[in-house]
Structures are given as C-alpha cells and as structure tokens.
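Note sheet for the following structure.
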Amino acid sequence: MKAISPMVATVLLIAFTIGVGALVSIFATSLTTSSTGIASNQSDALTTITSITLIATDGKSTTGSSSLAPGASAATTWTGGTNTSVIARGLCQSTVTVEGKCTNAQSCWSNT
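Numbering of the sequence shown is given in my numbering, commencing with residue 4 and proceeding in unit increments.
Shown next, in the form of structure tokens:
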C-alpha cells in the first residue's frame with residue numbers, strides 16, 4: 004500500500020483546519036446573536052415603569068401614565084398654584100420603586 008505524499012497531507016491538514024475554524028466561527032456568531040436578542044428583550048421588560056403617581060410640593064397627587072417604556076416620556080398638566088417641584092414615582096417589574104424629581108428650575112418643568 005502506498006502512502007500519500009507530504010504535500011497532499013499538508014494541503015488536507017490546512018483544509019481541515021480552515022473548515023473546523025469556519026464551523027466554530029459560525030457557531031459563535033449565532034450564539035452571540037441569539038444571546039444579545041434575549042438580553043435586549045429582558046432589558047426592555049426590566050425597565051418598563053408602571054403604576055406612575057405624581058406628587059407635587061403641596062402634597063396633592065395625581066396618576067400619571069399607566070406605564071412608561073424605556074426611552075419614552077409623558078407630559079402631565081394640572082393647576083399647580085405655588086408648586087416648585089414634582090416627584091414622579093412608579094414601579095419597575097411591579098416590585099421595585101423608582102422615582103425622579105423635577106423642579107421649576109429644570110428643563111423638565113414647563114409653565115405653558
């Protein structure tokens with residue numbers, strides 16, 4: 004029985020190595036893409052705020068938007084009298100309280 008030449012063996016070894024490398028690359032790319040999509044969906048779910056309540060400095064409160072998605076904003080108006088700040092409080096994932104404050108000196112405050 005005759006053996007294959009060293010040149011043919013080298014070409015076959017290089018071709019095999021490139022093939023295995025390509026398969027690993029495809030697997031890693033698909034794994035990363037699917038993991039990124041799952042993480043993005045979880046991020047959106049975790050940051051949606053619900054049960055929003057607005058509390059003015061005079062102690063009066065009103066209900067704001069029912070929910071607020073990531074990156075979204077909502078405006079609410081009421082007759083405020085001498086109010087100088089408003090606290091917006093809501094729930095993240097129905098359990099974690101989050102809040103933000105807006106004063107009349109900030110860009111979030113409008114007298115229109």
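Idealized CB from N, CA, C, for every residue including glycine.
Task: Pair within 7 Å by beta-carbon distance, A18 and T51 - done: no
TODO: Could you give the DSSP three-state label for G103: helix, strand or coil?
DONE: strand
Open item on the list: Whole angstroms are fine: how far does the CA of T85 sit from the CA of T36?
Closed with: 52 Å
- [ ] May I have the straight-line CA-CA distance separating I29 from I55, to the nearest angstrom?
- [x] 45 Å
- [ ] Go to L62, then tell me how far its beta strand (DSSP E) extends in each direction, as first and last residue.
- [x] Correcting the residue type first, residue 62 is Gly in the shown sequence and not Leu. Note, G62: premise wrong, no beta strand (DSSP E); not H, not E.
Task: Counterpart residues of S93 in DSSP-defined beta bridges - done: According to the sequence provided, residue 93 is Gly. The question's Ser does not apply to it. In DSSP, G93 forms a bridge with V101.
Open item on the list: For S8 and V27, I'd like the C-alpha separation in whole angstroms.
Closed with: 29 Å
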